[in-house]
Structure formats: structure tokens, C-alpha cells
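2 is the number of the first residue of the sequence shown in the working numbering; add one for each residue after it. Beta carbons are placed, not taken as given, at the ideal position from N, Cα and C, and that holds for glycine.
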Amino acid sequence: MDAAPEEPDFVRELRARCAAEGGVLWIQPDELGVFAPEAARGFHACHFADLTLADKLSDVVRGQRSAPFSWKDIRAAWLTQLRRLSDGEGLRQLEERMVALLEARLGRPLDVMWTAHEVVTGSLLPVVVKALPAADLALVQRDQEFKLRRLLGAGGSRATRWEELRFVLGQVRSGNAVRRELRGRALGRRPRQADLMDPIVDLLPTLGVDRAVDAVTAVITAIAGPPGAAAASLLYELTHQPEQVARLVEELAPLSAADFHADPTRTAPATHRFVKEVLRMWGPPMFMTREAAGDLQVDETRLKKGQRFIVSPYLLHHDPKHWNAPDTFAPERWLPEAPHGACPRSSYVPFGWAPTACIGAGLGTAQLMLLCRLLLLRYRIQLKDPGAVRMRLAAVPMPVNFQGVLVPR
Numbered sequence: 002m003d004a005a006p007e008e009p010d011f012v013r014e015l016r017a018r019c020a021a022e023g024g025v026l027w028i029q030p031d032e033l034g035v036f037a038p039e040a041a042r043g044f045h046a047c048h049f050a051d052l053t054l055a056d057k058l059s060d061v062v063r064g065q066r067s068a069p070f071s072w073k074d075i076r077a078a079w080l081t082q083l084r085r086l087s088d089g090e091g092l093r094q095l096e097e098r099m100v101a102l103l104e105a106r107l108g109r110p111l112d113v114m115w116t117a118h119e120v121v122t123g124s125l126l127p128v129v130v131k132a133l134p135a136a137d138l139a140l141v142q143r144d145q146e147f148k149l150r151r152l153l154g155a156g157g158s159r160a161t162r163w164e165e166l167r168f169v170l171g172q173v174r175s176g177n178a179v180r181r182e183l184r185g186r187a188l189g190r191r192p193r194q195a196d197l198m199d200p201i202v203d204l205l206p207t208l209g210v211d212r213a214v215d216a217v218t219a220v221i222t223a224i225a226g227p228p229g230a231a232a233a234s235l236l237y238e239l240t241h242q243p244e245q246v247a248r249l250v251e252e253l254a255p256l257s258a259a260d261f262h263a264d265p266t267r268t269a270p271a272t273h274r275f276v277k278e279v280l281r282m283w284g285p286p287m288f289m290t291r292e293a294a295g296d297l298q299v300d301e302t303r304l305k306k307g308q309r310f311i312v313s314p315y316l317l318h319h320d321p322k323h324w325n326a327p328d329t330f331a332p333e334r335w336l337p338e339a340p341h342g343a344c345p346r347s348s349y350v351p352f353g354w355a356p357t358a359c360i361g362a363g364l365g366t367a368q369l370m371l372l373c374r375l376l377l378l379r380y381r382i383q384l385k386d387p388g389a390v391r392m393r394l395a396a397v398p399m400p401v402n403f404q405g406v407l408v409p410r
């Protein structure tokens, strides 16, 4: 069953313009659309060529410069830690947390889209910061919920001043919770943990507390939205692709949990292809806008400082110049023999572009595969009205009218 998303008018217009004019075009006098694969990669790389962090707030107040510190060094520390957190034991623990969250939602009416966000975000938070005191954990979770509701447009109306103030206060309180944990670990008052915060503690003497808080809260923000949106799209396809689901069950059922956790992409290649196709069809976010911090040039196209450029994984993933039948959900396109045509590597960017590509790409893919396994072997979703469910393209792709009940198999 092929998906038929509700594409907004501006998305249809941009797709038509890309087909007629090519992938690099001016949308507004000061806003450039960069929807060609190599150009998007080039502008992104130029824009983020200098990853030196801003000065520490304490130094700014004193009118002095901080010791230079590159975002690359933070990423390197995180990547080392993520290799440990993504091993077989790490995935077993991640699945255990997902199961606990799913079990708590059994047998009652659910907004399945919202449930996907809750389960994925809630199970990922300990990867970023583990074993927070209960009061601080509540502050971080409340901030994540505020951000998620804004992303998904919950409420449907423009935020009031009071709601905006609550949002800002939530961010400040969450940041203070992170600050307390960082300082507690650095001073030995809080135990060190196997999470992404921990390597930041070792960088504090040069990085400084302010920049450390910014780094950790950036990851907390990053897991409150896109991972859940990908999970919601995955559940949408699992409820709309019966033939594909039968193949996945055949692959997953004989596998032991230990073998699957040890290397999910190797032991379950069909499930991996299914996840990759979900990320191609519905990978969040739809668009990303950047303001040029300086003059940029890629090939013959120039941007002046202050002008904006927009990139779009969705448009790249649905461009018929680069994909055969791009609007068809076809995991088989990822087979070596590729019945839907070879998959162009530069046109597949579900986790962004270097040098700021998502550090959690491997863990994110594994988590979606874990969710596949759980929803095909342990639980199932009974939809309230299968015919009413449809995909809507907003800030992120989202299945709407996705109501149902989660039951054990």
C-alpha cells in the first residue's frame, strides 16, 4: 500500500520548480533553496567550516576571550562513548526501557503518534544523562514535552505570552538541572555514569560549565522530536504494509534477542532496509534554514552574509532525478540488485551532512529496528479507524488520526 501524504502547496511548488529549474533556486530575494545533493552538501560544509564554540558567558561578562574549543572535540568524545552505549548490552538496556514504557501504555486508547514520541524520547534520555535526581529529571522531561508539543503543533493555535514565558522558564530550569549534575560529577558529589554527559565532565577545565551545559542541552533537545517522528512514521508503515511486515516477521522470529542486540543490521538485513526506507520516505525534519554567518560560494552560486539558505532531506529523498519511483515505499530498492534503481548515496541524508551529521545515526537506526522487533513479535496496534490514518507533512512528517490500542501478542 503506497502512502499518499498531504503535501502543502509550497512543497508541491518547490518540487515543480526543482523539476523545471534545477535544484538550486532563489525562493525569496535573500533566501536560496539548495535542493541538489552536491550543492546542499557544499553549502552545509562551507557554513559549518568553523566549528569553534562561542566564548564562555563568564568571559563575555568580563570582556575577555575564552580559550578556543571546537565542537569537533565534543563530537569525538561523544562518538567514543556512543560506541560503548550502542553495543549489545547497550541495546539490550535500551530495549528494556522501551518495553517498560510500552507496557505502561497497554490496553488503553492511544494517540499512536504521541506514544511513539514518548517511548523513543523517554528511552533515549538516559543515554544522554543517566540517573538524574527525581526532581531534576522531572524538569528535563517537562522541558522536552514543551518542545515536543511546539514541534507537533499541539493545541493548534499561536502560543500566548504566558505559554512562551513557560517555555523559556522550562528551558532555564532544565539547563540548571544539567548544570547541577555536571558540577556534582566534577566535584565527586554525584557518581559518574555511562552516558553522553560523562565525557563532557572531563572536558570542563577547558570547555567551561556554560558551554558544557549548552552542549548537553543541545542533545537533550535533539532527541525531543526527530527520533520520535521517525518512530511514528515507522509505526505508520508497519500498520500499512502487510506484505512487508510478513517478511520482517519471518526474518525476526527465529533470531535470539542476544544475537539481534549484538548486531541488528547484520542479523536482520530486511528490517534494516525497511527502516532505511522509512527514513527516506519520512525522515525528519522537512526543511532546515541557515543564515550565512559570512559570504559563501559553492560553484557559481554565492550567498552574502545574512542571507539564508534552505536544505530539505524530503525534497532530496523524493527527487525523481535521483530516485526511481521516489514516492513509492519500496525497501527492496536497498537490495544490491536494486529493482527500483540504484540508491544514490549523496541523495540520502536522513542524518544530515558532514561536519555536523547526527552523531547518533547508528544508535537511532538500531532503536528503530528494536521498535520493529517489539511491534512485530511482542505487541501489536489495533487501529481505531485504519482508513482515517494519513501522513501529514509539517515541521516533521506525522501520521494523523493515528488512534489505537496497544495489546500484547
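Identity of the residues DSSP links to residue i by a beta bridge
i	result
GLN368	None, per the DSSP bridge assignment.
TYR315	TYR315 is not bridged to any residue.
MET114	According to DSSP, which records beta bridges pairwise, MET114 is partnered with nothing at all.
PRO409	TYR380
PRO398	LEU394
MET289	VAL312
THR53	SER71
GLU252	Partner(s): none; GLU252 has no beta bridge.
GLU7	ARG393
LEU170	According to DSSP, which records beta bridges pairwise, LEU170 is partnered with nothing at all.
GLN94	GLN94 pairs with nothing; no bridge assigned.
LEU304	LEU297
GLN82	DSSP, once it has assigned bridges, lists no residue as partnering GLN82.
Test item: CB-CB of residue i and residue j under 8 Å
i	j	result
VAL406	GLY108	yes
ARG235	CYS359	It should be noted that the sequence gives Leu, not Arg, for residue 235. No, the pair does not count as a contact, with Cβ atoms beyond the cut-off.
ARG447	LEU54	Past the edges of the chain, shown from 2 to 410, lies residue 447, and the structure says nothing about it.
ARG281	TYR349	yes
MET287	LEU394	yes
LEU125	PRO228	yes
VAL120	LEU95	no
VAL100	LEU375	yes
VAL210	LEU183	yes
LEU152	GLY34	no
SER71	LEU52	yes
PRO200	TRP335	no
ALA135	PRO356	no
VAL246	LEU239	yes
PRO337	HIS323	no
ALA230	VAL397	yes
LEU83	LEU364	yes
GLY89	HIS273	no
DSSP-derived helix/strand/coil call for residue i
i	result
PHE310	strand
GLN245	helix
THR266	helix
TRP354	coil
SER71	strand
TRP27	strand
LEU33	strand
VAL299	strand
LEU133	coil
GLN65	coil
ALA21	helix
ARG138	A small fix is needed here, since residue 138 is Leu in this sequence, not Arg. LEU138 falls in the helix class under three-state DSSP.
LEU336	coil
GLN194	coil
LEU236	helix
LEU188	coil
Same chain, Cβ closer than 7 Å to residue i, five either side skipped, listed in chain order
i	result
ARG143	GLY171
ASP196	PRO127, VAL128, VAL129, VAL130, LYS131
LYS57	SER67, GLY209, ASP211, ARG212
Same chain, Cβ closer than 8 Å to residue i, five either side skipped, listed in chain order
i	result
PRO400	VAL113, MET114, ALA233, SER234, LEU236, TYR237, VAL390, ARG391, MET392, ARG393
LEU133	VAL141, ALA178, GLU182
THR81	PRO200
GLY307	ASP31, GLU292, ALA293
HIS48	ARG291, ALA293, ALA294, LEU297, PHE310
Close Cβ partners of residue i (< 6 Å) along its chain, the five nearest in sequence each way excluded
i	result
GLY156	With a pLDDT of 49 at GLY156, under the threshold of 50, the predicted position of this residue should be treated as unreliable, though the coordinate-derived value follows. The answer is none, since no qualifying residue turns up.
MET2	A caution first: MET2 carries a pLDDT of 49, below 50, which makes its placement in the model unreliable, though a value can still be read off. Excluding residues within five positions, the ones whose Cβ falls inside 6 Å are HIS241.
GLY185	ARG191
VAL299	ALA40, GLY43, PHE44
PRO417	Beyond the ends of the chain as shown, which are 2 and 410, falls residue 417; an answer cannot be given.
GLY295	LYS306
Closer than 8 Å to chain D by CB, residue i
i	result
LEU83	You won't find chain D in this structure, because it holds only one protein chain.
With a threshold of 8 Å, are at least 3 pairs of Cβ atoms found where one atom belongs to the stretch 20-39 and the other to the stretch 311-320?
yes
Inspect the CB distances between the stretch 198-216 and the stretch 251-266 and report whether three or more fall short of 8 Å.
no
Should the stretch 356-370 be regarded as contacting the stretch 268-280, the criterion being three or more beta carbon pairs within less than 8 Å?
yes
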